[in-house]
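Worksheet for the structure shown next.
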Amino acid sequence: MKTKLIPLLFATLLALPVLGQAQNTKPKRPNPMAPIRDVAGLPRVLLIGDSISIGYTLPTRELLKGKANVHRIPTNGGPTIRGLVQIDSWLGDGKWDVIHFNWGLHDLKFMPHGKRQVLPAAYEKNLDSLVRRLKQTGAKLIWRNTTPVPEAKVRPRRIPSDVVSYNAAARRVMQKHGVPIHGLYSFALARLEKIQLPANVHFTPGGSAILGGEVAKVILDALK
Numbered sequence: 313m314k315t316k317l318i319p320l321l322f323a324t325l326l327a328l329p330v331l332g333q334a335q336n337t338k339p340k341r342p343n344p345m346a347p348i349r350d351v352a353g354l355p356r357v358l359l360i361g362d363s364i365s366i367g368y369t370l371p372t373r374e375l376l377k378g379k380a381n382v383h384r385i386p387t388n389g390g391p392t393i394r395g396l397v398q399i400d401s402w403l404g405d406g407k408w409d410v411i412h413f414n415w416g417l418h419d420l421k422f423m424p425h426g427k428r429q430v431l432p433a434a435y436e437k438n439l440d441s442l443v444r445r446l447k448q449t450g451a452k453l454i455w456r457n458t459t460p461v462p463e464a465k466v467r468p469r470r471i472p473s474d475v476v477s478y479n480a481a482a483r484r485v486m487q488k489h490g491v492p493i494h495g496l497y498s499f500a501l502a503r504l505e506k507i508q509l510p511a512n513v514h515f516t517p518g519g520s521a522i523l524g525g526e527v528a529k530v531i532l533d534a535l536k
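Below, the structure is given as structure tokens:
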């Protein structure tokens with residue numbers, strides 16, 4: 313009897329890794345930062361921004377499926393100081409029809425030394441330089457203003473009123489260069505408790521989908 317059980321046990325042990333692989337073959341969640349292949353004949357759109365834009369990338373892409381090739385930078389856009397260093401590599405050599413962009417939440421956040429990462433005056437100057445570079449692409453530009461910081465305490469520290477100040481600085485830059493502003497701040501603020509995570513600058517999956525709907529609308533309008 314024992315001699316019959318040994319081959320059976322051996323076969324069972326060999327099958328265990330295969331069973332484990334079968335259990336782990338769940339479909340992977342799409343990575344919003346993964347590169348996409350262009351569909352020939354469709355306009356090319358580039359999203360630039362931080363984790364807020366990462367959240368609405370996939371919903372925006374889905375809503376514009378068959379209407380535009382929606383790309384995004386392959387990372388978190390961070391503060392304007394990162395943008396100044398990486399903007400050329402993000403833009404690449406391809407032609408862009410529309411660029412929807414934002415910097416802000418990382419500029420106004422407080423660092424461990426107790427100061428904001430980028431002060432308002434430097435933010436405005438950096439943004440001016442970035443817009444000048446973006447205009448060189450010949451694309452239609454859309455500035456998306458920075459979304460609200462909740463009143464609740466958040467980490468890293470951010471102050472809700474700073475968003476208003478930094479958005480005002482950005483508005484001056486955009487008016488100077490004739491760049492239209494996508495007012496996602498006001499849109500989000502009107503329904504913040506429903507779409508934003510508690511004590512967090514980020515949004516729920518449903519909230520990001522709602523924001524993506526707004527982003528898709530302004531991009532479609534720009535493509536007309």
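With the sequence shown counted from 1, adding 312 to any position gets you my numbering. Beta carbons: idealized from backbone N, C-alpha and C, even for Gly. The model shown is predicted, which means the values in this text are computed figures rather than measured ones.
Extent of the continuous alpha helix (DSSP H) to which residue i belongs
i	result
H412	Run containing H412: none in the alpha helix (DSSP H); it sits in the beta strand (DSSP E), V410 to F413.
I522	P517 to L535
I454	From DSSP, I454 is part of no alpha helix (DSSP H) but of the beta strand (DSSP E) over K452 to R456.
R394	T392 to L403
H256	This structure gives no information on residue 256, because the portion of the chain shown stretches from 313 to 536.
H489	P472 to H489
In DSSP terms, what residue i is bridged to
i	result
H383	L358
Burial state of residue i, where buried means 16 or more other Cβ atoms lie within 10 Å
i	result
H419	Here residue 419 turns out to be Asp, not His, going by the sequence shown. Buried, since its Cβ has 16 or more Cβ neighbours within 10 Å.
R394	buried
Q448	exposed
T387	exposed
M423	exposed
I348	exposed
H412	buried
A534	buried
A334	Low confidence applies to A334: its pLDDT is 45, below 50, so where it sits in the model is not reliable, and the reading given next is rough at best. Exposed is the call here.
Helix, strand or coil at residue i [DSSP, three-state]
i	result
K506	helix
E447	Just to set this straight, residue 447 is Lys in the shown sequence, not Glu. If DSSP states are grouped into helix, strand and coil, K447 belongs with the helices.
I366	helix
H494	strand
R373	helix
The ligand FAD heavy atom lying under 6 Å from the CB of residue i
i	result
L453	For the ligand FAD, the structure offers nothing, since it holds no ligand at all.
Residue i versus the options, residue with shortest Cα-Cα distance
i	options	result
N457	A482, L442 and L446	A482
N343	A502, G353 and H383	H383
L453	P492, S473 and K465	P492
A346	A352, T369 and I411	T369
R558	G389, L523 and N479	In the structure as shown, the chain starts at 313 and stops at 536, and residue 558 therefore has no counterpart that could be examined.
V351	A380, P462, R341 and R445	A380
P462	Y435, L501, A434 and E526	L501
L359	R470, G426 and H494	H494
M486	F515, E436, F499 and N512	E436
G490	K427, G367, W402 and W455	W455
T459	S473, L446, N438 and R467	S473
Cutoff 7 Å: residue i Cβ touching any chain C Cβ
i	result
G395	The chain inventory of the structure shown lacks chain C, comprising one protein chain alone.
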